[in-house]
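Take a look at the structure set out below.
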Amino acid sequence: MPSLFASYLRVYEPLTAFDRDRQSFWRRYVQQGRAVAPSEGPLRQRTAVIEALGAGWTRLPDLPEEAYVLEVDDALLVCPWNLRIRVAEAALSARDGVPSVLADAFVPPILAGQAKAVVEDWRSGARVLEHGVPRVHEQIATWGVPLRWFVLFDFEERDLVTRPGRRALRYRTEISKARRRSSRALSVLRKTVGEAPITEAVEEAARWLEEFHPRSVVELDYGGLVQLLSDETLAEDDSPALVAGGLAGLSKGEADEASAAYDRLVARWRAIQLLERCN
Numbered sequence: 006m007p008s009l010f011a012s013y014l015r016v017y018e019p020l021t022a023f024d025r026d027r028q029s030f031w032r033r034y035v036q037q038g039r040a041v042a043p044s045e046g047p048l049r050q051r052t053a054v055i056e057a058l059g060a061g062w063t064r065l066p067d068l069p070e071e072a073y074v075l076e077v078d079d080a081l082l083v084c085p086w087n088l089r090i091r092v093a094e095a096a097l098s099a100r101d102g103v104p105s106v107l108a109d110a111f112v113p114p115i116l117a118g119q120a121k122a123v124v125e126d127w128r129s130g131a132r133v134l135e136h137g138v139p140r141v142h143e144q145i146a147t148w149g150v151p152l153r154w155f156v157l158f159d160f161e162e163r164d165l166v167t168r169p170g171r172r173a174l175r176y177r178t179e180i181s182k183a184r185r186r187s188s189r190a191l192s193v194l195r196k197t198v199g200e201a202p203i204t205e206a207v208e209e210a211a212r213w214l215e216e217f218h219p220r221s222v223v224e225l226d227y228g229g230l231v232q233l234l235s236d237e238t239l240a241e242d243d244s245p246a247l248v249a250g251g252l253a254g255l256s257k258g259e260a261d262e263a264s265a266a267y268d269r270l271v272a273r274w275r276a277i278q279l280l281e282r283c284n
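Using our numbering, the first residue of the sequence shown is number 6, and each one after it goes up by one.
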């Protein structure tokens with residue numbers, strides 16, 4: 006099957022972030038060798054959802070509990086897929102802004118009702134009261150990387166692999182560092198551009214990070230996007246450094262420097278986004 010042309014922002018939490026039952030479940034999951042590699046996960050997720058939903062879309066399915074797993078300094082960290090809540094949210098968003106006839110054809114009312122109940126229970130129901138703040142551990146962006154994600158990382162945290170048959174680019178950092186970077190970026194943006202869309206986007210990312218355990222790890226994975234980029238382009242990619250440079254220019258009042266970094270960044274990723282129209 007072809008790669009999914011998408012990037013991923015993930016948070017891996019230590020087992021202590023989960024309740025006792027979940028800790029036991031994830032330990033058994035790892036011991037049984039069931040953990041899925043990030044390179045295989047996106048297609049596995051899509052296949053699981055399609056097979057569970059079937060052609061009728063008449064119910065919100067039960068989906069497998071899977072996760073990506075990291076081992077850092079002998080500590081086990083887990084990034085659950087949260088497929089059921091993600092499918093429910095996708096079903097509801099698919100109906101937004103669409104005429105009711107089309108919305109009902111793509112997402113029947115009975116499925117929409119089930120999805121709404123799942124989302125409401127997840128966010129404000131007994132699940133939250135029993136297990137704490139709801140957490141969706143993975144965000145997905147198709148045909149590009151949201152610029153706000155680069156705020157969370159330093160260029161030196163890059164891991165690039167361009168071996169035949171194994172190409173990948175990812176950034177990985179401690180969540181404490183990602184939070185500090187987002188906080189500094191927000192401070193600069195609020196002072197210089199005010200409540201602009203980019204400020205709101207970075208604030209949204211910062212709020213999301215606050216949901217997780219302080220010893221978590223944050224990962225930006227270029228996923229299937231690496232299939233659209235040459236080895237040379239991947240090696241030269243310095244998007245986090247461009248974001249950092251733009252923010253530094255704003256903080257020093259050097260608008261030209263900030264604008265140049267922003268323009269380079271937007272042009273780079275617009276070229277990828279335009280490929281969707283050619284697909």
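No residue lacks a Cβ here, since even glycine has one placed at the ideal position from N, Cα and C.
This one's a predicted model, so the numbers in the text were calculated from it and none came from an experiment.
(1) Which partner residues does Pro85 have in the DSSP bridge list?
(2) With H, G and I counted as helix, E and B as strand and the rest as coil, what does DSSP make of Ser29?
(3) So, at 7 Å on beta carbons, what are the nonlocal neighbours of Pro245 in its own chain, with the 5 sequence-adjacent residues on each side left out?
(4) What does DSSP give as the partner residues of Leu211 in its beta bridges?
(5) Please state whether the Cβ-Cβ distance between Val92 and Val141 is less than 7 Å.
(6) May I have the straight-line CA-CA distance separating Asp67 from Gly199, to the nearest angstrom?
(7) Note down the Cα distance separating Val103 from Asp78, rounded to an integer number of angstroms.
(8) Fully enclosed by the stretch 93-122, which alpha helix (DSSP H) runs are 4 residues long or longer?
(9) Would you call Ala260 buried or exposed, if buried means 16 or more other Cβ atoms sit within 10 Å of its Cβ?
(10) Quick check on Glu18: does DSSP put it in helix, strand or coil?
(11) Can you round the beta-carbon distance between Phe16 and Ser221 to whole angstroms, since I take them to be within the 8 Å contact cut?
(12) Look up Asp143 in the DSSP assignment and give the residues it is bridged to.
(13) Can you check DSSP and say which residues form a bridge with Tyr176?
(14) Please report the straight-line C-alpha distance between Asp84 and Pro43, rounded to a whole angstrom.
(15) Who are the Cβ neighbours of Val248 in its own chain at under 7 Å, not counting the five residues just before and after it?
(16) Going by CA-CA distance only, name the one from Pro169, Ala72, Ile145 that's closest to Ser235.
(17) Report buried or exposed for Ile349, applying the criterion of at least 16 other Cβ atoms within 10 angstroms of its Cβ.
(18) Using the C-alpha atoms, what's the distance from Arg33 back to Arg273?
(19) Please go through the same chain and pick out, in chain order, the residues whose beta-carbon is closer than 6 Å to the beta-carbon of Ala190, but skip the five residues on each side of it.
(20) Can you give me the C-alpha to C-alpha distance between Leu81 and Thr21, rounded to a whole angstrom?
(21) Have a look at Ala173 and Asp226 and give me their C-alpha separation to the nearest angstrom.
Here's the rundown:
(1) The beta-bridge partner set that DSSP reports for Pro85 consists of Ala72.
(2) Correct three-state label for Ser29: helix.
(3) Spatial neighbours of Pro245 in its own chain (CB-CB distance under 7 Å, excluding positions within 5 residues in sequence) are listed in chain order as Phe155, Phe158, Asp159, Phe160, Tyr176.
(4) Per the sequence presented here, residue 211 reads as Ala, with Leu not at that position. For Ala211, which the question treats as bridged, DSSP gives no partner whatsoever.
(5) Against a cut-off of 7 Å, the Cβ pair of Val141 and Val92 comes out as no contact.
(6) Cα to Cα, Asp67 sits roughly 44 Å from Gly199.
(7) Cα-Cα distance, rounded: 49 Å.
(8) Complete alpha helix (DSSP H) runs here, min 4: 105-111.
(9) Ala260 should be labelled exposed.
(10) Of the three classes helix, strand and coil, the one that applies to Glu18 here is strand, per DSSP.
(11) According to the sequence displayed, residue 16 carries Val and not Phe. Approximately 5 Å separates the beta-carbon atoms of Val16 and Ser221; this is inside 8 Å, confirming the contact.
(12) The residue asked about is misnamed: residue 143 is Glu in this sequence, not Asp. Arg15, per the DSSP bridge assignment.
(13) Arg163, Leu225.
(14) The sequence given here has Cys at residue 84, not Asp. Here the alpha carbons of Pro43 and Cys84 stand approximately 10 Å from one another.
(15) Counting only Cβ-Cβ distances below 7 Å, and skipping sequence neighbours, we find Leu152, Phe155, Val156, Leu270.
(16) Ranking Pro169, Ala72, Ile145 by Cα distance to Ser235 puts Pro169 first.
(17) Shown here, the chain extends from 6 to 284; a query on residue 349 therefore has no answer.
(18) Distance between the alpha carbons of Arg273 and Arg33: 43 Å.
(19) So the list reads Val156, Val207, Leu252, once near-sequence residues are dropped.
(20) Rounded to whole angstroms, Leu81 and Thr21 show a C-alpha spacing of 10 Å.
(21) In a straight line, the C-alpha of Ala173 is about 8 Å away from that of Asp226.
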